[in-house]
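Numbering (our numbering), first residue to last: 2 to 321.
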Amino acid sequence: MNVVAVPEFQHRTVLLDEAVDALDLTGARADGTYIDGTFGRGGHSRLILSRLGPKGRLFAFDKDLQAIATAGQIIDPRFEIVHDSFATMQQALAARGVAQVDGILLDLGISSPQVDDAARGFSFRNDGPLDMRMDTTRGVSAAAWLASETEQQLERVIRDYGEERFAFQIAKAIVARRAVEPISSTRQLAGIVANAVKTREKGKDPATRTFQAIRIFINKELEDLETGLSAAYAMLAPGARMAVISFHSLEDRMVKQFLASKVKVEQPDRRLPIRAVDLPQPLMKLVTKMKPSDSEIDGNPRARSAVMRVAERLPARSAP
Numbered sequence: 002m003n004v005v006a007v008p009e010f011q012h013r014t015v016l017l018d019e020a021v022d023a024l025d026l027t028g029a030r031a032d033g034t035y036i037d038g039t040f041g042r043g044g045h046s047r048l049i050l051s052r053l054g055p056k057g058r059l060f061a062f063d064k065d066l067q068a069i070a071t072a073g074q075i076i077d078p079r080f081e082i083v084h085d086s087f088a089t090m091q092q093a094l095a096a097r098g099v100a101q102v103d104g105i106l107l108d109l110g111i112s113s114p115q116v117d118d119a120a121r122g123f124s125f126r127n128d129g130p131l132d133m134r135m136d137t138t139r140g141v142s143a144a145a146w147l148a149s150e151t152e153q154q155l156e157r158v159i160r161d162y163g164e165e166r167f168a169f170q171i172a173k174a175i176v177a178r179r180a181v182e183p184i185s186s187t188r189q190l191a192g193i194v195a196n197a198v199k200t201r202e203k204g205k206d207p208a209t210r211t212f213q214a215i216r217i218f219i220n221k222e223l224e225d226l227e228t229g230l231s232a233a234y235a236m237l238a239p240g241a242r243m244a245v246i247s248f249h250s251l252e253d254r255m256v257k258q259f260l261a262s263k264v265k266v267e268q269p270d271r272r273l274p275i276r277a278v279d280l281p282q283p284l285m286k287l288v289t290k291m292k293p294s295d296s297e298i299d300g301n302p303r304a305r306s307a308v309m310r311v312a313e314r315l316p317a318r319s320a321p
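This is the structure:
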């Protein structure tokens, strides 16, 4: 793999102590096996490693080559970084002889270095090439997608993934502009959106929702989350915990609904002659739901939309 330089951009890990505390790395659990599904710049991973026992193991995943380069700076035999989406955790760990783990952490936020580096194309605040790929070795860039997609699909993505009520007008404006010139920079796209959006939300750039939508679509973030949640549940040992930090309503809704499906198991008609011991039992229990403190938000405004949900896998009930 080519060595990737890591630009100097600061990143503050959201809910750092709270997320690692939620995994409960105490007693014998300190020698367990854990997954950090989104390494980012390694804040959670480093804290997990500081609490792991000598027999503990930590596998981290990330699609971003700069994150992989940062992870390469951690020299610890208990740690391994995997260059892939956390959605692949079952296959990746099976290849390493691991079928079950004692805890999984998924921090779904985009890292500050990705946003602040104009060359990555995630932000409308600084002009840069319109890329938006987490993994620049795979897939198509945002610019290539905007150049070839139908107006109807552009509208659907911007509406569904950005929850943007002006999706029709924005898609129409994009198609009109690309007929004149390629849309290749973040500032170009931000300008197109600003001209198409008639009403602006207070304190929010009109391009915010469109950029979010395109980033989510290009990187298949919701598809990865759906697959990753199922994979994470399948890998949790009895008593193991899963902590998920989400940053927008689409993610949090998926996490909430997934956990609810494991916590609230559909029961048969109470009129049926079924013994209480034979009734379907919950598969997980909710441990906590948490948001960053006011002091954390004051120090890191990007944390304000974060929500962490934690659940624990329950042991299977023994047959009577």
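Every residue gets a Cβ at the ideal spot worked out from N, C-alpha and C, and that includes glycine.
Rounded to whole angstroms, what is the Cα-Cα separation between R13 and A174?
36 Å
Put D63 into one of helix, strand or coil per three-state DSSP.
strand
Through-space distance from V245 to E313, alpha-carbon basis:
12 Å
Any contact of the region 163–170 with the region 189–201, i.e. 3+ C-beta pairs under 8 Å?
yes
Whose C-beta lies closer than 6 Å to the C-beta of L26 among residues of the same chain, with five residues either side of it excluded?
R52
Could you compute how far the alpha carbon of P55 sits from the alpha carbon of V158?
47 Å
Through-space distance from G110 to D253, alpha-carbon basis:
11 Å
Whole-angstrom Cβ separation of V102 and L284, contact assumed at under 8 Å?
That belief does not hold up - the Cβ atoms of V102 and L284 are roughly 16 Å apart, past 8 Å.
Buried or exposed: which applies to N220, given that a residue is buried once 16 or more other Cβ atoms fall within 10 Å of its Cβ?
buried
Identify the continuous beta strand (DSSP E) that holds R310 and give its terminal residues.
308–314
Please confirm whether G1 and S186 have their CB atoms less than 8 Å apart.
The structure shown does not extend to residue 1, since the chain spans only 2 to 321, so no value can be given for it.
Which same chain residues, not among the five before or five after V181, have their C-beta less than 7 Å away from its C-beta?
none
Go through its chain and collect everything with a Cβ distance to R305's Cβ below 6 Å, but skip five positions before and after it.
I298
Residues near L50 by beta carbon distance below 7 Å, same chain, minus five either side
L59, D77, R79, F80
Backbone CA spacing between A6 and Q189 [nearest angstrom]
Because A6 carries a pLDDT of 46, less than 50, the predicted location of this residue cannot be relied on, and the following value inherits that uncertainty. Going by the C-alpha atoms only, they are around 27 Å apart.
Would a C-beta distance cut-off of 8 Å place H311 and K292 closer than the cut-off?
Note that residue 311 is Val in the sequence shown, not His. No, they are not a contact pair.
Kindly indicate which three-state DSSP category R134 falls into: helix, strand or coil?
coil
Just how far apart, CA to CA, sit V21 and A70?
23 Å
Determine the closest residue to Y35 out of T89, T209, Q258, A233, with distance taken between C-alpha atoms.
A233
Please report how far the alpha carbon of I287 lies from the alpha carbon of V264, in whole angstroms.
Sequence check: residue 287 is Leu here, not Ile. Each residue's alpha carbon lies about 7 Å from the other.
By a C-beta neighbour count over all protein chains shown, 10 Å radius and 16 as the cutoff for buried, is P114 buried or exposed?
buried
From the DSSP output, read off the bridge partner residues of S186.
P130
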